[in-house]
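Working notes, structure below.
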Amino acid sequence: METTKRGGIPLYLWMLLGFVVGLGGGLYVNLTGQVVQPWAMDIIQAAGQIFLRLLFMLVLPLLFAALAVGVAEMGDLKSLGRVGLKTLAFTILVSAIAVGIGLGMVNLFQPGAGVDRELAAQLLAQGAEGASAIVGNAPKSIEAGKFFLDMIPSNVVTAASENQILPVMIFALIFGIGMVMAKSPATDRLQETLQGLLEVMMKLINLVIKLAPIAIACLMFNLAAVFGWDLLLRLGAYAAVAIGAMAIHMFIVYPLLVWTFGGMNPLKFANGVREPFVVAFSTASSNATLPIAIKAAEEKLMLPRRISRFVLTVGATANQNGTALFEGVTVLFLAQFFGVDLSLGQQLVVMLVCILGGIGTAGVPAGSLPVIALILTMVGVPAEGIGLILGVDRFLDMCRTTLNVTGDLVAATVVSRGETDAIIPAGEPEPVAPGA
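Numbered continuously in my numbering, the sequence shown closes out at residue 729.
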């Protein structure tokens with residue numbers, strides 16, 4: 294992976310080094326009362342802002358291309374309509390459950406609460422100017438159906454220019470459905486063009502992520518200089534809540550789904566997915582684990598090859614409920630940290646964006662960072678806060694990727710139930726998701 298190494302050293306180790314350097318420098322300033330020269334602080338803050346602005350610049354075309362291509366890969370409605378609809382319905386349902394668990398855990402344990410409100414307001418003011426335009430366009434309630442009306446853009450170009458993420462994502466989903474319905478050589482070429490756009494955006498995201506160690510050091514220095522040791526306590530609580538929510542989804546929700554809707558013994562399922570489980574945890578990449586997952590589905594779980602390959606190929610991009618859970622937990626934690634009270638309506642907005650973001654998030658290490666940064670500004674939280682979680686993101690990335698890959702195999706098991714496809718003998722061609 295292009296994001297995994299830099300100068301022969303894994304990038305996550307550089308990111309951890311940046312986290313430690315920034316945290317150590319910020320704590321030293323906080324504890325000793327040292328005064329940092331204004332010009333130096335300007336440079337430090339500008340370096341973090343450049344990283345965030347680069348993410349914002351790329352995230353909308355990335356999401357649009359990923360969502361549209363992900364839906365278009367459902368294939369021909371006549372031949373794969375039932376499988377595609379079952380896969381899409383399962384993805385939305387399980388992602389909603391995942392995000393619901395995450396939001397419930399954050400609201401219950403309040404890992405970001407208790408921070409000095411005066412200090413939080415100070416950092417909140419720093420990020421207010423850059424976020425004001427986006428915040429002004431964010432839905433604030435769901436009263437009288439206005440929330441659902443605002444989801445449909447009257448002008449998608451205007452919505453994109455105003456950073457209205459939700460209407461753009463809805464348009465991308467509708468656009469993808471249109472490409473499936475209007476299947477033709479021309480739409481195939483259009484899908485290839487969008488796939489090319491997605492690959493270009495991924496290439497650029499990979500380049501931007503390489504700047505993350507420097508950005509993390511700058512962002513963490515600024516946060517640690519203001520909050521001191523309280524920062525570490527909140528970060529530990531956040532990681533514990535995130536891992537706890539993922540564990541509930543992995544060891545309670547998934548076995549129930551496999552047993553109830555997939556008709557398979559959860560122990561048999563767990564035994565069959567051990568290899569992709571380990572590979573997903575070690576690589577933190579759904580895409581890199583895809584070949585291993587396909588092999589496990591066919592040889593261990595004995596799922597129909599046509600169904601399993603389609604579901605797993607699409608799921609590597611579209612069925613990322615672990616990522617959706619992580620995004621929801623992170624946004625609410627940072628909102629609590631900075632003292633931004635989100636109403637029930639706003640939390641439902643976050644939930645919906647996280648579900649759609651899980652469909653449009655790249656299946657590579659750190660692929661969820663651009664989406665999280667955009668959601669933060671959408672609800673009025675300084676995007677600089679993302680630096681707070683980047684130091685522990687590698688381990689959480691490994692956990693949520695494992696959740697994503699296991700969820701893909703759960704989806705393949707559930708969707709395969711009731712299908713009459715015989716397993717295609719080796720050596721014969723089998724249909725897979727277009728573009729796989």
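C-beta atoms are modelled at their ideal positions from N, C-alpha and C, and glycine is treated no differently.
With DSSP as the reference, label I587 as helix, strand or coil. In the structure shown, I587 sits in a helix (DSSP, three-state: H, G or I).
Given a threshold of 16 other Cβ atoms within 10 Å of its Cβ, counted over all protein chains shown, does A361 qualify as buried or as exposed? Buried, because 16 or more other Cβ atoms sit within 10 Å of the Cβ of A361.
Assuming F383 contacts A505 under a Cβ cut-off of 8 angstroms, what Cβ separation, rounded to an integer in Å, is found between them? Beta-carbon to beta-carbon, F383 and A505 are separated by about 33 angstroms, too far to satisfy the 8 angstroms threshold.
My guess is that L487 and A333 are in contact by the Cβ rule of under 8 angstroms, so how many angstroms apart are they, rounded? Between A333 and L487 the Cβ distance is about 44 angstroms, and since that is not below 8 angstroms, they are no contact.
Whole angstroms are fine: how far does the CA of L355 sit from the CA of I337? Using only the alpha carbons, I get a separation of about 28 angstroms.
Taking Cβ to Cβ, would you say P663 is nearer than 8 angstroms to L442? Using a Cβ distance threshold of 8 angstroms, P663 and L442 do not count as a contacting pair.
Rounded C-alpha distance that separates L583 from L594: Straight-line Cα distance between these residues: approximately 15 angstroms.
Using a Cβ-Cβ cut-off of 7 angstroms (strictly less than) and excluding sequence neighbours within five positions of A453, which residues of its own chain qualify? Counting only Cβ-Cβ distances below 7 angstroms, and skipping sequence neighbours, we find L353, V461.
Closer than 8 angstroms by C-beta to V546: which residues in its own chain qualify, once you throw out the five before and the five after it? Chain order, please. Once the five neighbours on either side are set aside, the close Cβ partners of V546 are V387, I390, A391, I394.
Is it the case that the Cβ atoms of F514 and G315 are separated by a distance below 8 angstroms? The answer is yes: Cβ separation under 8 angstroms.
Which whole-angstrom value is the C-beta distance of G608 and T706, which I expect to be below 8 angstroms? The Cβ separation is near 12 angstroms, so there is no contact.
Can you round the beta-carbon distance between V703 and V551 to whole angstroms, since I take them to be within the 8 angstroms contact cut? Contact flag correct, Cβ pair sits at about 6 angstroms.
Would you mind reading off the limits of the alpha helix (DSSP H) that contains M285? For the chain, the structure presents residues 294 to 729; residue 285 sits outside this window and is missing.
Cα-Cα separation, E568 to V364: Going from the Cα of E568 to the Cα of V364 covers about 28 angstroms.
Backbone CA spacing between L324 and G341 [nearest angstrom]: For L324 and G341, the distance between alpha carbons rounds to 23 angstroms.
At least three beta-carbon pairs within less than 8 angstroms, the region 473-492 to the region 686-703: Taking 8 angstroms as the limit for Cβ pairs, the verdict is that the region 686-703 does not touch the region 473-492.
Pick from V571, Q327, V566, S578: whose alpha carbon is nearest that of E591? When C-alpha distances from E591 are compared across V571, Q327, V566, S578, the shortest belongs to V566.
Simplified DSSP assignment, three categories, for E620: E620: helix per DSSP, three-state reduction.
From the DSSP output, in three-state form, read off A577 for me. Residue state, collapsed to three classes: coil.
L381 to L605 span [Cα, whole Å]: Each residue's alpha carbon lies about 12 angstroms from the other.
Spatial neighbours of L497 in its chain, beta-carbon cut-off 7 angstroms, leaving aside the 5 residues before and after: Excluding residues within five positions, the ones whose Cβ falls inside 7 angstroms are L351.
Rounded to the nearest angstrom, what separates L625 and G711 at their Cα positions? Straight-line Cα distance between these residues: approximately 39 angstroms.
Nearest-angstrom beta carbon gap, G405 and Q639 [assumed within contact, 8 angstroms]: Not confirmed; about 15 angstroms, so no contact.
From this set, V672, S636, L627, which residue's C-alpha is nearest V646's C-alpha? Minimum Cα distance to V646 is reached at V672.
Does V633 come out as helix, strand or coil in the three-state DSSP assignment? Coil, per DSSP.
Which listed residue (L669, W307, G521) has its alpha carbon closest to that of V408: Out of L669, W307, G521, G521 has the C-alpha closest to the C-alpha of V408.
Pick out the complete alpha helix (DSSP H) segments inside the region 544-574, 4 residues or longer, and give them in chain order. The alpha helix (DSSP H) runs of length 4 or more contained entirely in the region 544-574 are, from start to end of the chain, 547-553, 559-565.
How long is the line joining the alpha carbons of L526 and A517, rounded to whole angstroms? It is roughly 12 angstroms from the alpha-carbon of L526 to the alpha-carbon of A517.
Between the Cα of V633 and those of G397, Q403, V322, spot the shortest distance and give me the residue it belongs to. Taking only the C-alpha atoms, the option nearest V633 is Q403.
List the endpoints of the continuous alpha helix (DSSP H) containing N515. Run containing N515: 505-520, per the alpha helix (DSSP H) assignment.
Per-residue DSSP class, three states only, for L401: It is helical.
Mapping DSSP to helix, strand and coil, what is N612? Taken through DSSP and simplified to helix, strand or coil, N612 comes out as coil.
Assigned secondary structure, G407 (DSSP; H/G/I helix, E/B strand, else coil): Under the three-state reduction of DSSP, G407 is assigned to coil, being neither helix nor strand.
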